[in-house]
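Everything on this sheet refers to the single structure shown next.
Residue numbers (our numbering): 4 to 258.
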């Protein structure tokens with residue numbers, strides 16, 4: 004098992020501090036009250052995500068899942084420096100970045116970094132976050148095979164398949180996310196009762212419809228469905244993963 008020194012992972016924060024500093028000086032001179040440090044704050048929150056979560060999650064970020072973490076962290080910093088990130092939040096080891104995607108229900112996940120639309124936050128009351136968190140769990144399972152096998156297949160499916168949400172990798176992610184949050188914030192919570200507005204509704208997560216709690220991103224009780232069973236398969240579900248085996252092996256050796 005390899006271990007990567009985490010000190011090199013906070014380069015994004017250091018680089019953002021330097022670029023933001025020069026930009027502020029160039030634009031505002033000594034008018035310090037006009038300085039904008041939003042990007043720097045986002046960068047720090049992005050790197051802080053390397054050390055949030057339980058022990059197993061943190062360990063995975065620097066061992067089994069280190070390549071996925073590197074890609075997610077790098078992507079987050081590039082998007083932040085380019086001004087695409089409007090906010091960063093944390094929950095259960097995941098980092099949610101808002102303002103990245105254009106569609107209201109579009110998001111993508113690179114290890115513990117989840118990129119979503121405007122107003123997107125790390126909150127189980129937003130079922131889009133719960134589904135994407137399931138992809139984070141997938142990433143922990145698959146390790147170096149996640150990007151070349153699962154992520155690649157999902158990207159192709161999202162672009163061309165109208166039944167994308169029912170594909171095996173999407174259903175698996177939904178099931179993983181739903182079970183995780185149901186255990187911690189739903190029926191597994193000690194004070195849970197059916198119909199509670201303060202607990203995760205696994206049934207409505209799967210079928211869609213109105214929940215007892217507001218989605219903080221949309222301000223609505225109505226949420227989209229995220230099926231947790233009845234997965235469908237396509238012929239390229241075998242072709243794409245097969246072509247990714249070599250990439251997975253290479254990444255495992257290099258990282």
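Yeah, the Cβ is synthetic: ideal placement off N, Cα and C, and Gly gets one too. None of these values were measured; they are calculated from a predicted model.
>> Across the stretch 118–127 and the stretch 96–104, are there enough close Cβ pairs to call them in contact, namely three or more that are closer than 8 Å?
In response: yes
>> To test your reading of the DSSP string, which unbroken beta strand (DSSP E) runs of 3 or more residues are found completely within the stretch 60–106?
In response: 90–94, 97–101
>> My output table needs one value for residue 117: the three-state DSSP class, helix, strand or coil.
In response: strand
> Nearest to residue 226 by alpha carbon, out of 120, 131, 117?
Replying inline: 131
> Going by C-alpha distance, which of 59, 145, 211 is nearest residue 229?
Replying inline: 211
> With a Cβ-Cβ cutoff of 7 Å, do residue 116 and residue 162 count as a contact?
Replying inline: no
> Apart from the five residues just before and just after residue 93, which ones in its own chain have a Cβ nearer than 8 Å to its Cβ?
Replying inline: 48, 51, 52, 55, 99, 125
> Looking at the unbroken alpha helix (DSSP H) that takes in residue 156, where does it start and where does it end?
Replying inline: 155–163
>> Given this structure, state the Cα-to-Cα distance separating residue 87 from residue 216, to the nearest angstrom.
In response: 29 Å
> Per DSSP, residue 226 forms a beta bridge with which residues?
Replying inline: 212
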